[in-house]
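Have a look at the structure below before the remarks.
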Amino acid sequence: MAAKVRSRFVCQACGHESPQWLGQCPQCRQWNTLVEEVRDRVEEKRGTPDRVKNRNPKPIAIADIPAQDGPRIAVGDRELARVLGGGIVPGSIILIGGEPGIGKSTLLLQTALHNPHLKTLYVSGEESEHQVKMRAERLNGHSSAATDHCYVLTETNTQNIFKHIDAVDPDLVVIDSVQTLHTASLEASPGSVGQVRECTAELMRYAKATNIPMVLIGHITKDGMIAGPKVLEHMVDCVLQFEGDRDHAYRLLRPLKNRFGSTNELGIYEMRGNGLAEVDDPSQVLLGGRTERPSGVVVAATMEGMRPLLIETQALVSSAVYGTPQRSATGFDLRRLNMLLAVLEKRCGFRLGQKDVFLNLAGGFRVEEPAIDLAVVCAVLGSNADIPVPMDTCFCGEVGLTGEIRPVPRTDQRIAEAAKLGFGRILVPKGTKDLGSVRGIEVAQVAQVNEVLGLLFG
Ligand code: TYD
Ligand code: MG
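Structure, rendered in structure tokens:
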């Protein structure tokens, strides 16, 4: 009966499987990442709970399948509902990833607590019952708000977890975190690629069979991948990424994949002393309270997914103290900053080669879209000349290698957001088609960086 035990080698970086050990993974080319995993076939069968086993699917005509676009489970939280595409689809698996300490546990526990109509089972493999209780008290502001709909289970064995789900029969299951789970059908340590994948597969089967939705929390590795392998992202229905700068209060919830909604949505939260608060008007919060903007500080009209967001862009240009000038960018791609500086030097004749240039986006945000280029350029020039840009002006536009300003998508939404926040003027690329019809704001179209200089600094 030797065939009962199978062994395979799994790459811990990408999930590639090989029948024999190899020094280098043939898929991701990393060294020493293959780890042996032993699988016992008898155990494998035992790993399937009865509710899943008793399910006996038969072919069914599409016309006879009841339309499921109906009820989504409401989650109360507007930001979470937005990124999920309305609410939680019954039987779906949602994976939420993020760096340790970013607030994943907080988000899910508060969702559980704030929805008394949902019986939730919070499976905690990382924190003790007592720790979860303390967090719950903090989230409820130490009030005696009803919490008897929310159950906590500190268990990491999937088979035991299924037994408890059967007993509690919750409306929602939260697993914190998927890296702590282990299944008896696989001889590998918790957190290894094989375990994470196998446990997720078991949870998937269970969720589909019982129609109980599950939210899995997953830590991301230093290179930004959830639980190491991409494999997991392919399995689940929805992948949300929770991100933000730990030194700042703002947190972004971004859908990377959603079988039931758009991935262009964005949820914005503020981490407070009593949990995460929804941010309705992020631009307002980000810009709030300034009565003047010193030189080098300008406002960019950017888009985060489908949401317009006005972000303060700050630059500091000063003479280099050391031989080699320093360049640093926070929230913006450093290579792109260097490119923009080269354009200013070569096309506009600014001598920035011997200057230190520091760039910073306020609020800990990170902007990838090139529409912020124009604001970066204006911040740099403003700081270099030490002339403030008029308070009521903001910017959007991509800057090309010849110093030309290129159109960017959804300009109408950017203009509308700027008008809403009381800006009197916005500089947009010449040739923009979607200018919209917002009144009360001057829309200046600019074609070249040189032109902008005249407009701003006279
Ligand atoms: P946590 O949810 O434990 O992060 P994760 O599960 O992603 O590892 O969040 C921990 C951080 O959040 C910690 O630094 C404390 C902070 N926090 C608050 O600022 N306010 C709160 O109400 C709570 C519960 C946590
Ligand atoms: Mg946690």
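So that you can map any letter, position 190 of the sequence shown is 174 in this note's numbering, and since no number is skipped, the others follow by simple counting.
Where is the CB? At the ideal position from N, CA and C, for every residue including glycine.
- Its Cα nearest to that of V152, the residue I196 stands out among G257, I196, M375 and V220.
- Distances from the CA of N258 to each of H101, I44, L93 and L440 were compared; the closest alpha carbon is that of L93.
- Any heavy atom of ligand 2 within less than 6 Å of a residue's beta carbon puts that residue on the list, which reads K88, S89, E110 and D160.
- For ligand 1, a non-hydrogen atom lies closer than 7 Å to the CB of I86.
- Beta-bridge pairing by DSSP links F226 to L237.
- In the three-state reduction of the DSSP assignment, Y190 falls in the helix class.
- Between the beta-carbon of C380 and that of V412 there is about 6 Å, and that keeps the pair under the 8 Å contact cut.
- Distances between the C-beta of N344 and the heavy atoms of ligand 1 are all 7 Å or more.
- V301 sits close to S367, with the two beta carbons spaced by under 8 Å.
- Inter-segment contact for the segment 344 to 354 and the segment 249 to 256 is absent: fewer than three beta-carbon pairs are separated by less than 8 Å.
- Taking the Cβ of G259 as the reference point, at least one heavy atom of ligand 1 falls within a distance shorter than 7 Å.
- Check the Cα spacing between G384 and each of C134, V360 and I425: the tightest is with V360.
- The segment 73 to 81 and the segment 188 to 204 touch, with no fewer than 3 CB-CB distances between them shorter than 8 Å.
- Here the alpha carbons of E296 and P43 stand approximately 57 Å from one another.
- Under DSSP, no beta-bridge partner is assigned to P43.
- C-alpha of S279 to C-alpha of E382: approximately 21 Å in a straight line.
- At least one heavy atom of ligand 1 lies less than 7 Å from the C-beta of R256.
- In the three-state reduction of the DSSP assignment, L440 falls in the helix class.
- Going by C-alpha positions, Q429 is about 23 Å away from R277.
- Shown here, P354 sits in a helix according to DSSP, grouped into three states.
- A distance below 8 Å separates the beta carbons of E401 and S267.
- The closest heavy atom of ligand 1 lies less than 7 Å from the beta carbon of L123.
- Residue pairing of V373 in beta bridges, as defined by DSSP: absent, with no partner found.
- For the pair A355 and V392, the CB atoms are nearer than the 8 Å cut-off.
- Annotation for D264: no beta strand (DSSP E) segment contains it, and DSSP assigns it neither H nor E.
- In the DSSP annotation of this structure, the continuous segment of the alpha helix (DSSP H) that includes E63 starts and ends at R62 to L68.
- Annotated three-state conformation of R13 is coil, per DSSP.
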